[in-house]
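**Q**
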Amino acid sequence: MAYTVEFLKTAEEELAKLPKEAQRQIIKKVEVLRNDPRPPVAKQLKSAEKFLRLRVGDYRVIYLVEGKHLVVLVVSIGDRKDIYDRLEELSSRVKKWRHTKA
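In the working numbering, the protein residues as written are 1178 to 1279.
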């Protein structure tokens, strides 16, 4: 069963700011999530939203698997140095997204 990959608008904007090669690598890794949303290389983060993260070089892709909708939601993309400091803010973005899906 294939999942749909969706990006929050803010995640799309974050991706667009990265170098083109990094963008290509990230998109390639995210596309794999369609068939396996929880690959062995993904790490479960300790957060209220059950975020997962993918490593792509020095960048991190924070995402969420919404099983009931068969959606992989890319919440944020950023440098490994500061992305984890924003997990609480990312939770509020996800709540807004869920509200639009209800």
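Beta carbons: idealized from backbone N, C-alpha and C, even for Gly. Every value quoted in this text rests on a predicted model; they were computed, and no experiment measured them.
#1: Only counting runs of 4 or more residues, tell me where the alpha helix (DSSP H) segments fall wholly within the region 1194 to 1243, in order along the chain.
#2: Leu1250 lies in the beta strand (DSSP E); which residues open and close that run?
#3: Here's a check: name, in chain order, each residue in its chain whose Cβ is nearer than 7 Å to the Cβ of Pro1214, leaving out the five neighbours to either side.
#4: Output the distance between the C-alpha atoms of Asn1212 and Ile1203, rounded to the nearest integer angstrom.
#5: In chain order, what residues of the same chain lie with their CB nearer than 6 Å to the CB of Ser1166, ignoring the 5 residues before and after it?
**A** In short:
#1: 1197 to 1209
#2: Val1248 to Asp1256
#3: Tyr1180, Val1242 and Val1249
#4: 16 Å
#5: Within the shown structure, residues of the chain are numbered from 1178 to 1279, placing residue 1166 beyond reach of any answer.
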